[in-house]
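Here the numbering used here is used: the first residue of the sequence shown is 264, the next is one more, and so on. Every residue gets a Cβ at the ideal spot worked out from N, C-alpha and C, and that includes glycine. This one's a predicted model, so the numbers in the text were calculated from it and none came from an experiment.
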Amino acid sequence: MLIYQRSLGGRQFDYVAVAEYVARLNKVLGPGNWNYEVLKCHVQPEYKDSVIAHVRVTATIDGDTSSKEQYGGAKIKMMKSGGVMDLGNDFKTAVSDAFKKACQGLGIALHLARSEEALTLDAEESYPVPQEQWEVFVGNFRGLDDEKKDLFRKWFSSQGLGEKPHRGMEADGFQKAQVEVIRLSFGAEEVPEEELPEETY
264 MLIYQRSLGG RQFDYVAVAE YVARLNKVLG PGNWNYEVLK CHVQPEYKDS VIAHVRVTAT
324 IDGDTSSKEQ YGGAKIKMMK SGGVMDLGND FKTAVSDAFK KACQGLGIAL HLARSEEALT
384 LDAEESYPVP QEQWEVFVGN FRGLDDEKKD LFRKWFSSQG LGEKPHRGME ADGFQKAQVE
444 VIRLSFGAEE VPEEELPEET Y
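Take a look at the structure:
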């Protein structure tokens, strides 16, 4: 199992990615001898700024079945404007945290205590788009009038990039979306690539 060491907030700490837990389970038990269930995943009603997940991991070893249940959590990330950044990704982070804890209950990576810094790192690494760039993009989009927003939505749908932009999208797709929003904001015309003049040197 690969143990990564990263620096965050001036401190060094170890963590194991979810994929390493899955690989370990597959190697030791076999893909058909374990499974996990998300029993519940919801926004914590008392505070409304955290997601709580309840996960069960079940493993079959030599015909004997053992299950471990654990809870995990994640802070809901907000934009400076006050809107929620990507609630789906926060749910994913909470489920990942609960899954890892349940695996540790089965003896996998038991020596690594899950710290708040490690959880934060997992969440940040799942976002290919940096927060600062995302907030600039959102600000530019909100500056468009309704007609141009509709034009952007139609363009985005035609590109096969998903339902709508989000911080978890691929960086290349996000860069295209950035360019399109800027083009619309300045009222520039889109020139097909085949009509661009050839460069001369």
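{"Asked": "Ala280, DSSP secondary structure in three states", "Found": "coil"}
{"Asked": "Sequence-distant residues of its chain with Cβ nearer than 7 Å to Asn298 (five each side left out)", "Found": "Thr321"}
{"Asked": "Start-to-end residues for the alpha helix (DSSP H) that takes in Leu414", "Found": "Asp409 to Ser421"}
{"Asked": "Status (buried if at least 16 other CB within 10 Å, exposed otherwise) for Phe449", "Found": "exposed"}
{"Asked": "C-alpha gap between Arg377 and Arg446, whole angstroms", "Found": "Note that Arg377 has pLDDT 47, beneath the 50 cutoff, so the model's placement of it is unreliable and the number below is only indicative. The straight-line gap from Cα to Cα measures roughly 44 Å."}
{"Asked": "Arg287 in three-state terms, based on DSSP", "Found": "helix"}
{"Asked": "Proximity below 8 Å, CB of Val392 to CB of Phe437", "Found": "yes"}
{"Asked": "Beta-carbon contacts of His317 that lie in its chain and below 6 Å, excluding the five residues immediately before and after", "Found": "Leu302, Lys303 and Tyr334"}
{"Asked": "Residues near Gly406 in its chain [Cβ-Cβ closer than 7 Å; skip 5 each side]", "Found": "Ser448"}
{"Asked": "Of the residues Lys311, Asp353 and Ser330, the one placed nearest Lys340, counting alpha carbons only", "Found": "Asp353"}
{"Asked": "Span of the alpha helix (DSSP H), counted from its first residue to its last, around Gly370", "Found": "Gly370 -> no alpha helix (DSSP H), and no H or E assigned at all."}
{"Asked": "Contacting residues, own chain, Cβ-Cβ under 6 Å from Leu292 (five flanking each side not counted)", "Found": "Ala322"}
{"Asked": "Coil, strand or helix - Leu302 by DSSP", "Found": "strand"}
{"Asked": "Other residues of its chain near Arg430: CB distance less than 8 Å, five sequence neighbours each side excluded", "Found": "Met348, Asp349, Asn352, Tyr390, Pro391, Val392, Gln394 and Trp397"}
{"Asked": "Assigned secondary structure, Gln307 (DSSP; H/G/I helix, E/B strand, else coil)", "Found": "coil"}
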